[in-house]
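Colleague:
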């Protein structure tokens, strides 16, 4: 079996991504990041999901991005927006598919974490090289997303190209492939695919303001996108709410 | 004054790079990495050098790459080679400029750390974004180097391209520039340039096996390249040896 490194946050997308990698026959090695996020309960969810979905190994890497701050997720002095007009406008524009290039720039919310996916993919690359794995799975999504630039296909393609110039094993011929099976799916389609693969979404934590039990607020952008996804998929939302 | 993030390991190259950034008129913000390296005394050197060269701020980021291992610098069960035929052949081939593409592949030594510069540049990118700095300086060198793939110009170019797709400020028009002022210089030329800018190299630590006082072994690859550089530059080597 070929080895794959799978980025696992404990949320809905990365859990589906892991289920897909496993279904494709990969032997999966999970990597999670304890980055000082306010919703740390997602890490406990990731642990449980990793066990349920049979990870061969699961590394949780401490990398405290509070050292820089600059995001509502890592700087406790910046509030996570809830039920604002801005979120509602953003999520409905996303849902309607009417996000233009210009909108995208102005839509990037305060929950954006500077260089997060670049940092996480870089660490995953180091892990992959040591494992001699050529495949990395990341559950980024360019449709029902929050306007984060590091979730777009052009970013992923540029990262893959850079990765293949960066590491010894790639230079020696074992090229790295970054898999993004969710990138062009809607949240509803992601949920449908996960359900078909037997994913138990009640284990996953998406909420930016989840409490220590992993119970969701139901009002932040991440909760709203998730609720909308279940609704559009016609699947019962078993998320634990506060 | 424009802000720049400067990667500072405490070694000869990064110190010269900082002196160059300062000389170019940048207001410099240093970033160092406590990554579980065996030669931790380089971090104390970096601290001292940062103070001497007037950093506005200096962050030391803990990111324990021993979690993956796979390098003589992060896995204490892998020895750092000293005075071996391989090192001598490698350094003399480098010195003669006769490193072919094929040699390069086979020359990558056990001191290579998987994805190190990718990880360090990614974290520097996050720091730069929060500071709203568009300039990052890294002292990589493609001439008198150790065959590390992440020191080559093609890697740096690919990283810069990826970075400009990754972060919010770049998407909004403030593009990132990765400066590599040493990339095509020999070690001797780097030293000459640093001396002209007033760098005190006795503060710097290059040795992979430096003791807790920062004193060098004089026999590892890094020591040999450094000694060769001072010799070729005709400048007295004031390195503290064990």
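Protein chains in written order, with the numbering used here: chain A, 701 to 942; chain B, 701 to 942.
Glycine is no exception: its CB is placed at the ideal position from the N, C-alpha and C atoms.
When burial is assigned at 16 or more other CB atoms within 10 Å of the CB, is residue 938/A buried or exposed?
Modeller: As a position in the first chain, residue 938/A is number 238, starting the count at 1. Residue 938/A should be labelled exposed.
Colleague: If you reduce the DSSP assignment to three classes, tell me which class residue 750/A lands in.
Modeller: As a position in the first chain, residue 750/A is number 50, starting the count at 1. Helix at residue 750/A.
Colleague: May I have the straight-line CA-CA distance separating residue 910/B from residue 825/A, to the nearest angstrom?
Modeller: For the purposes of this step, residue 910/B is taken as residue 210 along the second chain, with counting starting at 1. For the purposes of this step, residue 825/A is taken as residue 125 along the first chain, with counting starting at 1. Using only the alpha carbons, I get a separation of about 28 angstroms.
Colleague: Which partner residues does residue 707/B have in the DSSP bridge list?
Modeller: For the purposes of this step, residue 707/B is identified with residue 7 of the second chain, where counting begins at 1. Partner(s): 731/B.
Colleague: Take residue 863/B and list the residues in its own chain whose beta-carbon comes closer than 6 angstroms to its own, dropping the five residues that flank it on each side.
Modeller: Taking the second chain and counting its residues from 1, one reaches residue 863/B at position 163. Excluding sequence neighbours, residue 863/B sits near 825 and 876.
Colleague: Would you list, in chain order, the members of the stretch 746 to 771 of chain A that have their beta-carbon closer than 8 angstroms to a beta-carbon of chain B?
Modeller: Answer in chain order: 759, 761, 762, 763, 764, 765, 767, 768, 769 and 770.
Colleague: Residue 941/A to residue 741/B, Cα distance in whole Å?
Modeller: Locating residue 941/A in the first chain gives position 241, counting from the first residue. Locating residue 741/B in the second chain gives position 41, counting from the first residue. Cα-Cα distance, rounded: 49 angstroms.
Colleague: Leaving out five residues on either side along the sequence, give the residues of the same chain with a beta carbon under 7 angstroms from the beta carbon of residue 753/A.
Modeller: Your numbering for residue 753/A matches position 53 in the first chain. So the qualifying residues of the chain are 718, 719 and 722.
Colleague: According to DSSP, simplified to helix, strand and coil, what is residue 762/B?
Modeller: As a position in the second chain, residue 762/B is number 62, starting the count at 1. It is a strand residue.
Colleague: Less than 8 angstroms separating the beta-carbons of residue 913/A and residue 713/A?
Modeller: Against the first chain, residue 913/A aligns to sequence position 213. Against the first chain, residue 713/A aligns to sequence position 13. Cβ distance not < 8 angstroms, so residue 913/A and residue 713/A don't count as in contact.
Colleague: Please decide whether residue 825/B counts as near chain A, where near means a Cβ-Cβ distance under 8 angstroms.
Modeller: Residue 825/B sits at position 125 when you count from the first residue of the second chain. Yes, residue 825/B lies at the interface with chain A (some Cβ there is under 8 angstroms from its Cβ).
Colleague: Quick check on residue 941/B: does DSSP put it in helix, strand or coil?
Modeller: For the purposes of this step, residue 941/B is taken as the residue at position 241 of the second chain. Strand, per DSSP.
Colleague: Answer yes or no: the CB of residue 901/A versus the heavy atoms of the ligand GDP, is any distance below 7 angstroms?
Modeller: In the structure on display, the ligand GDP does not appear, and there are no ligands present to speak of.
Colleague: Is the Cβ of residue 880/A closer than 8 angstroms to any Cβ of chain B?
Modeller: Taking the first residue of the first chain as position 1, residue 880/A is located at position 180. It does not; no Cβ of chain B falls within 8 angstroms.
Colleague: Report the neighbours of residue 808/A on chain B: residues whose CB is nearer than 9 angstroms to its CB, in chain order.
Modeller: As a first step, residue 808/A must be located in the first chain, where it is residue number 108. Correct list: 868, 871 and 872.
Colleague: Residue 855/B versus chain A: which residues are under 8 angstroms apart at the beta carbon?
Modeller: By 1-based counting over the second chain, the position of residue 855/B is 155. Simply 862, 865 and 866.
Colleague: Under 8 angstroms between C-beta atoms, does residue 817/B make it to chain A?
Modeller: By one-based count along the second chain, residue 817/B stands at place 117. Yes, because at least one Cβ of chain A sits closer than 8 angstroms to the Cβ of residue 817/B.
Colleague: Quick one: what's residue 782/B bridged to in DSSP?
Modeller: Stepping through the second chain from its first residue, residue 782/B is reached at position 82. Note: residue 782/B sits in a beta bridge opposite 920/B.
Colleague: In or out: residue 896/A buried (at least 16 other Cβ within 10 Å) or exposed?
Modeller: Here residue 896/A refers to the residue found at position 196 of the first chain. The residue in question, residue 896/A, is exposed, as its Cβ has fewer than 16 Cβ neighbours within 10 Å.
Colleague: Let's test the definition: count the other Cβ atoms within 10 Å of the Cβ of residue 850/A and tell me whether it reaches 16, buried, or not, exposed.
Modeller: Taking the first chain and counting its residues from 1, one reaches residue 850/A at position 150. Result: buried.
Colleague: Taking buried to mean at least 16 other C-beta atoms within 10 Å of its own C-beta, is residue 887/A buried or exposed?
Modeller: The count along the first chain starts at 1 and reaches residue 887/A at position 187. Residue 887/A comes out buried.
Colleague: From the DSSP output, read off the bridge partner residues of residue 836/B.
Modeller: Walking along the second chain from the start, residue 836/B turns up at place 136. Beta-bridge pairing links residue 836/B to 705/B and 878/B.
Colleague: Taking Cβ-Cβ distances shorter than 8 angstroms, what residues in chain B pair up with residue 830/A?
Modeller: Counting from 1 along the first chain, the entry for residue 830/A is found at position 130. The answer, in chain order, is 768, 769, 770 and 814.
Colleague: Helix, strand or coil for residue 757/A? Go by DSSP, reduced to three states.
Modeller: Position 57 of the first chain, counted from the first residue, corresponds to residue 757/A. In the structure shown, residue 757/A sits in a strand (DSSP, three-state: E or B).
Colleague: Apart from the five residues on each side of it in sequence, which residues of its chain come closer than 6 angstroms, Cβ to Cβ, to residue 726/B?
Modeller: Counting from 1 along the second chain, the entry for residue 726/B is found at position 26. Excluding positions up to five away in sequence, the list reads 702 and 704.
Colleague: Cα separation between residue 893/B and residue 848/A?
Modeller: Along the second chain, one-based indexing puts residue 893/B at 193. Along the first chain, one-based indexing puts residue 848/A at 148. Approximately 41 angstroms between the Cα atoms of the pair.
Colleague: Please state whether DSSP places residue 943/A in a helix, a strand or coil.
Modeller: Lying before the first or after the last residue shown, residue 943/A is absent from chain A, which here runs from 701 to 942.
Colleague: Would you kindly work out how many angstroms separate the C-alpha atoms of residue 858/A and residue 823/A, rounded to a whole number?
Modeller: Residue mapping note: residue 858/A aligns to position 158 of the first chain, counting from 1. Residue mapping note: residue 823/A aligns to position 123 of the first chain, counting from 1. Straight-line Cα distance between these residues: approximately 16 angstroms.
Colleague: How many Å lie between residue 816/B and residue 761/B at the Cα?
Modeller: If you number the second chain from 1, residue 816/B lands on position 116. If you number the second chain from 1, residue 761/B lands on position 61. Rounded to whole angstroms, residue 816/B to residue 761/B spans 13 angstroms at the Cα level.
Colleague: What's the call for residue 751/B, buried or exposed, on a 16-neighbour Cβ count within 10 Å?
Modeller: Sequence index remark: in the second chain, residue 751/B carries index 51 (1-based). With fewer than 16 other Cβ atoms within 10 Å, it is exposed.
Colleague: If distances are taken between C-alpha atoms only, which option among 749/B, 932/B, 731/B and 733/B comes closest to residue 904/B?
Modeller: Residue numbering aside, residue 904/B sits at position 204 when the second chain is read from its first letter. Comparing Cα-Cα distances from residue 904/B to each of 749/B, 932/B, 731/B and 733/B, the minimum goes to 749/B.
Colleague: Got a sec? Which residues, its chain only, sit under 6 angstroms from residue 736/A by beta carbon, not counting five neighbours each side?
Modeller: For the purposes of this step, residue 736/A is taken as residue 36 along the first chain, with counting starting at 1. Once the five neighbours on either side are set aside, the close Cβ partners of residue 736/A are 764, 765, 766 and 774.
Colleague: Taking residue 853/A and residue 842/A to be in contact with their CB atoms under 8 angstroms, please state how far apart those CB atoms are, rounded to whole angstroms.
Modeller: Translated into the one-based positions of the first chain, residue 853/A becomes position 153. Translated into the one-based positions of the first chain, residue 842/A becomes position 142. About 6 angstroms; that satisfies the 8 angstroms criterion.
Colleague: Over what stretch of residues does the alpha helix (DSSP H) that includes residue 726/B continue unbroken?
Modeller: Position 26 of the second chain, counted from the first residue, corresponds to residue 726/B. That residue, residue 726/B, is in no alpha helix (DSSP H); it is neither H nor E in DSSP.
Colleague: Just to confirm my understanding: we take residue 929/A, look at its own chain, exclude 5 residues before and 5 after, and list those with CB closer than 8 angstroms. What are they?
Modeller: Working through the first chain from its first residue, we reach residue 929/A at position 229. Closer than 8 angstroms at the Cβ level, and outside the excluded window around residue 929/A, lie 712, 844, 886, 887, 888, 890 and 891.
Colleague: Going by the CB atoms, is the gap between residue 927/B and residue 874/B shorter than 8 angstroms?
Modeller: Counted from its first residue, the second chain places residue 874/B at position 174. Counted from its first residue, the second chain places residue 927/B at position 227. Result no, Cβ atoms of residue 874/B and residue 927/B do not sit closer than 8 angstroms.
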